[in-house]
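Enquirer:
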Amino acid sequence: MSNFLTFFKILSLVTMLLVVPSQNNVSAAQSFGHLYIAITDAIMSTKNDDDAKATEAIETFQTDWKQLNITEGEESADVNEALEKASSATTSEKRLSALTDLSKALTAYEKSENPVDEKANREAFLKAVEPSLNDLKTAIDSSDKDEIQEAYSIFLKKWTKNERVVREQNIAAYGQIETQMSFMRISLAGDELDVTKLKEQVESLNQTIQDFVAGKVKNAEVSGNYSLATLTGLLDESKASIEEGNYNQAAESLKKFITIWPGVEGEIRTKNASLYSEIESGIPLLVSDLLRDDVEASAITGKLDSFKQQIDFIQQDTTYSFWDSALILLREGLEALLIISALIAFLKKAGQQDMQRYIYVGAGTGISVSVIAAILMSTLFQSGTIGTSREVMEGYVGIAAAVMMLGVGIWLHSKSTVTSWNRYISKQMTHALSMQSVWSMTFLSFLTVFREGAETVVFYMGISPKMSTFDFILGIVLAILILVATAFFFARASKKIPLHLFFGVATVFIYLLAFKIIGASLHTLQLTNVLPTHIISNLPVINFIGFYPSVETLTGQVILLILIAGTIIYKKMASTVSNTSLQS
Numbered sequence: 005m006s007n008f009l010t011f012f013k014i015l016s017l018v019t020m021l022l023v024v025p026s027q028n029n030v031s032a033a034q035s036f037g038h039l040y041i042a043i044t045d046a047i048m049s050t051k052n053d054d055d056a057k058a059t060e061a062i063e064t065f066q067t068d069w070k071q072l073n074i075t076e077g078e079e080s081a082d083v084n085e086a087l088e089k090a091s092s093a094t095t096s097e098k099r100l101s102a103l104t105d106l107s108k109a110l111t112a113y114e115k116s117e118n119p120v121d122e123k124a125n126r127e128a129f130l131k132a133v134e135p136s137l138n139d140l141k142t143a144i145d146s147s148d149k150d151e152i153q154e155a156y157s158i159f160l161k162k163w164t165k166n167e168r169v170v171r172e173q174n175i176a177a178y179g180q181i182e183t184q185m186s187f188m189r190i191s192l193a194g195d196e197l198d199v200t201k202l203k204e205q206v207e208s209l210n211q212t213i214q215d216f217v218a219g220k221v222k223n224a225e226v227s228g229n230y231s232l233a234t235l236t237g238l239l240d241e242s243k244a245s246i247e248e249g250n251y252n253q254a255a256e257s258l259k260k261f262i263t264i265w266p267g268v269e270g271e272i273r274t275k276n277a278s279l280y281s282e283i284e285s286g287i288p289l290l291v292s293d294l295l296r297d298d299v300e301a302s303a304i305t306g307k308l309d310s311f312k313q314q315i316d317f318i319q320q321d322t323t324y325s326f327w328d329s330a331l332i333l334l335r336e337g338l339e340a341l342l343i344i345s346a347l348i349a350f351l352k353k354a355g356q357q358d359m360q361r362y363i364y365v366g367a368g369t370g371i372s373v374s375v376i377a378a379i380l381m382s383t384l385f386q387s388g389t390i391g392t393s394r395e396v397m398e399g400y401v402g403i404a405a406a407v408m409m410l411g412v413g414i415w416l417h418s419k420s421t422v423t424s425w426n427r428y429i430s431k432q433m434t435h436a437l438s439m440q441s442v443w444s445m446t447f448l449s450f451l452t453v454f455r456e457g458a459e460t461v462v463f464y465m466g467i468s469p470k471m472s473t474f475d476f477i478l479g480i481v482l483a484i485l486i487l488v489a490t491a492f493f494f495a496r497a498s499k500k501i502p503l504h505l506f507f508g509v510a511t512v513f514i515y516l517l518a519f520k521i522i523g524a525s526l527h528t529l530q531l532t533n534v535l536p537t538h539i540i541s542n543l544p545v546i547n548f549i550g551f552y553p554s555v556e557t558l559t560g561q562v563i564l565l566i567l568i569a570g571t572i573i574y575k576k577m578a579s580t581v582s583n584t585s586l587q588s
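Counting from 1 along the sequence shown, just add 4 to a position and that's the residue number in this note's numbering.
Okay, here's the thing in structure tokens:
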């Protein structure tokens with residue numbers, strides 16, 4: 005290939021070598037946090053009717069579970085049984101039930117591995133928060149709003165510092181406390197201080213805490229089939245009510261948001277901690293603003309839009325179609341096919357048909373080595389050394405694939421004229437002639453196929469985690485069928501096929517796919533907190549083309565577009581200079 009492609013391959017390889025070692029710094033201590041995240045992802049995906057993503061999350065759990073040093077016993081057997089039910093579930097209801105059982109079984113196993121005195125922890129929690137809670141009661145009795153707000157802020161800090169015990173032991177109690185505190189924030193932010201309501205709210209809060217410490221709150225999942233889509237739906241409902249002038253109804257929608265928030269907050273907390281804090285503190289204030297005498301509707305709807313955009317940013321995930329899968333193999337396979345066809349045609353013209361088998365041997369060896377490379381890379385992605393950083397690795401590989409794809413696009417663009425394509429084929433045939441060796445001919449065939457195969461492996465590793473297995477395989481099968489048909493037509497009418505047109509069209513699609521991959525990869529690194537996230541307001545999320553409205557993703561895509569434009573301009577200038585020199 006041209007020097008452009010060689011440069012980008014080397015750059016991609018160096019990038020991967022630099023980033024891969026950083027993934028190996030995983031802790032030797034056995035942790036279960038990543039398993040709970042996988043369960044949460046599976047539950048949320050199931051609620052969103054995303055079976056492919058739910059299956060992927062369950063498979064991730066299964067892989068990570070196998071990497072642990074499992075102690076055989078009743079608890080681990082319960083985990084395996086629940087995992088099997090979740091994997092084989094045929095309906096969303098059955099899968100949700102199995103995932104709930106899996107979460108409980110994992111909790112039981114973790115407790116058996118790391119025995120904890122839960123009662124002592126509950127008592128320690130009460131000892132930590134009770135003084136500030138009593139101070140809050142006293143402040144409310146004083147009816148002094150400033151004193152109440154200060155006391156509430158102190159209690160909020162104590163709760164935030166110690167809430168983990170409640171969340172881990174009893175999600176129902178955690179949800180009740182979070183909801184009660186949010187309603188207190190609404191009361192405190194109102195125009196007029198309703199001391200009676202505050203007293204009722206703080207007493208309910210105190211009773212919930214006392215019941216939790218005494219072990220009286222039934223530990224059950226938050227009722228309702230809720231997801232992040234439910235939250236954005238309620239934000240839309242509230243906005244619609246505001247536009248109709250029905251502020252009370254808008255406030256009720258946000259109150260419902262607050263009620264179900266504890267059941268779905270986990271996905272936001274793990275992917276964007278700052279957004280989690282903004283929503284938890286901001287939504288109650290918006291409810292209070294809606295209940296004021298003078299409602300600033302435009303300001304409130306602006307905040308609702310911002311929250312919705314940021315939640316959409318988290319839950320949107322780029323997916324690739326079977327056409328994306330097919331395009332990669334078609335591009336790489338057709339180039340190898342063209343070169344091998346040219347070599348075979350040369351042997352026929354030279355009257356050395358008996359040497360054709362060595363071309364096929366080289367091509368077959370190249371395919372075999374490419375398959376082995378694919379298996380090795382797949383094993384790397386599933387290995388324990390990657391662990392919970394698998395998504396980070398996927399993001400880096402995606403960037404490497406996009407860089408390589410840019411190089412491929414540049415090379416394709418350079419072959420999009422008849423003259424440049426004929427010059428390229430002539431160079432390959434002249435090289436084969438000069439070597440005058442069966443083994444050199446075989447090696448050239450092997451190198452041609454393996455080079456394209458290696459590129460294909462990297463490209464596929466960049467997109468395969470974000471598409472269903474069915475679409476992935478369908479794209480490959482479709483590409484193989486097209487390649488077989490193309491090979492047949494090459495043999496029948498090779499002189500009539502305008503190959504340069506293929507390269508021109510393929511260039512456009514390769515650039516589009518590179519744009520999509522780099523956007524999706526940077527977005528993945530944002531969701532794993534490797535990159536910061538600075539969202540650009542009033543721009544939509546278009547996951548079909550990998551467009552995510554953030555400074556980081558758009559910077560990467562703009563750089564890509566600048567490089568593409570620069571390449572096109574450079575090629576045109578070089579062509580103009582060449583034509584001028586010929587004319588003179």
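Idealized CB from N, CA, C, for every residue including glycine.
#1: Does the distance from the C-beta atom of Lys307 to that of Leu239 stay below 7 Å?
#2: Expressed to the nearest angstrom, what Euclidean distance is found between the alpha-carbon atoms of Glu60 and Thr67?
#3: His38 lies in the alpha helix (DSSP H); which residues open and close that run?
#4: Given a threshold of 16 other Cβ atoms within 10 Å of its Cβ, counted over all protein chains shown, does Asn138 qualify as buried or as exposed?
#5: Excluding the five sequence neighbours on either side, which residues of its own chain have a C-beta within less than 8 Å of the C-beta of Leu535, listed in chain order?
#6: Pull up the DSSP beta-bridge partners for Ser554, would you.
#7: If you draw a straight line from the C-alpha of Ile539 to the C-alpha of Ile318, how long is it?
#8: Which whole-angstrom value describes the C-beta separation of Arg166 and Ala132, a residue pair presumed to lie in contact below a C-beta threshold of 8 Å?
#9: Based on Cα-Cα distance, which residue from Tyr280, Gln253, Ala254 and Tyr251 lies nearest to Trp265?
#10: So, with DSSP's three-state summary, where would you put Ile549?
#11: Could you check if Tyr230 is buried or exposed, using at least 16 other CB atoms within 10 Å of its CB as the buried criterion?
#12: Going straight from the alpha carbon of Lys259 to that of Ala193, what length do you get?
#13: Taking the C-alpha atoms as reference points, what is the distance between Ser285 and Ala255?
#14: Compute the distance between the beta-carbons of Ile43 and Ser107, then report whether it is under 7 Å.
#15: Leu209: which of Leu289, Met577, Leu232 and Leu130 sits nearest, CA to CA?
#16: Which complete alpha helix (DSSP H) runs does the stretch 101-189 hold, if anything under 4 residues is left out?
#17: Do Ile363 and Ser472 have their C-beta atoms closer together than 7 Å?
#18: Helix, strand or coil for Ser372? Go by DSSP, reduced to three states.
#19: Exposed or buried, which one is Met48 when buried takes at least 16 other CB atoms within 10 Å?
#20: Could you say which of Asn125, Ala177, Gln205 and Gln180 lies nearest to Tyr156 if we only look at CA atoms?
#21: Pull up the distance between the alpha-carbon of Tyr552 and that of Leu567, whole angstroms please.
#22: Put Gly194 into one of helix, strand or coil per three-state DSSP.
#23: In angstroms, rounded to a whole number, what distance separates the CA positions of Leu294 and Lys201?
#24: When the Cα atoms are used, what is the spatial distance from Gly523 to Asp328?
#25: What are the boundary residues of the alpha helix (DSSP H) that Asn210 is part of?
#26: State the Cα-Cα distance for the pair Lys184 and Ile175, rounded to the nearest angstrom.
#27: Mind checking whether Ile480 and Leu333 have CB atoms under 7 Å apart?
#28: Out of Ile521, Glu114, Phe476 and Tyr178, state which residue places its alpha-carbon closest to the alpha-carbon of Val407.
#29: Just tell me which of Arg189, Gln173 and Asn542 has its CA closest to the CA of Lys149.
#30: Does DSSP put Ile74 in a helix, a strand or coil?
#31: What span of residues does the alpha helix (DSSP H) with Leu239 cover, start to end?
#32: I'd like the list of long-range same chain contacts for Phe216, defined as Cβ closer than 7 Å, with 5 residues on each side in sequence excluded.
#33: From Gly270 to Leu232, what does the alpha carbon distance come to, in whole angstroms?
#34: Indicate the three-state DSSP secondary structure (helix, strand or coil) for Arg273 in the structure shown.
Expert: Taking the coordinates as given:
#1: The answer is no: Cβ separation not under 7 Å.
#2: Their backbone Cα atoms lie some 10 Å apart in a straight line.
#3: In the DSSP assignment, His38 falls within the unbroken alpha helix (DSSP H) covering Gly37 to Lys51.
#4: Exposed, since its Cβ has fewer than 16 Cβ neighbours within 10 Å.
#5: So the list reads Leu526, Leu529 and Glu556, once near-sequence residues are dropped.
#6: Answer by DSSP bridge pairing, in chain order: Ile539.
#7: C-alpha separation (whole angstroms): 11 Å.
#8: The question names Arg, but residue 166 in the sequence shown is Asn. The beta-carbon distance between Asn166 and Ala132, rounded to whole angstroms, is 5 Å. This is short enough to meet the 8 Å contact definition.
#9: When each option's Cα is compared against that of Trp265, the closest is Tyr280.
#10: Here Ile549 carries a coil assignment [DSSP, helix/strand/coil].
#11: Flag for Tyr230 reads buried.
#12: One C-alpha to the other measures close to 14 Å.
#13: Here the alpha carbons of Ala255 and Ser285 stand approximately 15 Å from one another.
#14: With contacts defined as CB atoms closer than 7 Å, Ile43 and Ser107 qualify as a contacting pair.
#15: Nearest option by C-alpha distance: Leu130.
#16: Runs of the alpha helix (DSSP H) inside the stretch 101-189: 122-146 and 149-173.
#17: Result no, Cβ atoms of Ile363 and Ser472 do not sit closer than 7 Å.
#18: It is helical.
#19: It is buried - the Cβ of Met48 has at least 16 other Cβ atoms within 10 Å.
#20: The shortest C-alpha separation from Tyr156 is found at Gln205.
#21: Computed Cα separation, rounded: 20 Å.
#22: Under the three-state reduction of DSSP, Gly194 is assigned to coil, being neither helix nor strand.
#23: Computed Cα separation, rounded: 18 Å.
#24: For Gly523 and Asp328, the distance between alpha carbons rounds to 15 Å.
#25: Per DSSP, Asn210 belongs to the alpha helix (DSSP H) from Val199 to Ala218.
#26: Contrary to the premise, residue 184 reads as Gln rather than Lys in this sequence. Those two C-alpha atoms are separated by around 14 Å.
#27: Taking 7 Å as the cut-off, the beta carbon of Ile480 is found closer than this to the beta carbon of Leu333.
#28: Comparing Cα positions, the closest option is Ile521.
#29: When only C-alpha atoms are compared, the closest one is Arg189.
#30: Here Ile74 sits in coil by DSSP.
#31: Leu239: member of the alpha helix (DSSP H) spanning Leu232 to Glu247, first to last residue.
#32: Counting only Cβ-Cβ distances below 7 Å, and skipping sequence neighbours, we find Arg126, Val170, Asn174 and Ala177.
#33: The alpha-carbon atoms of Gly270 and Leu232 are separated by roughly 10 Å.
#34: Taken through DSSP and simplified to helix, strand or coil, Arg273 comes out as helix.
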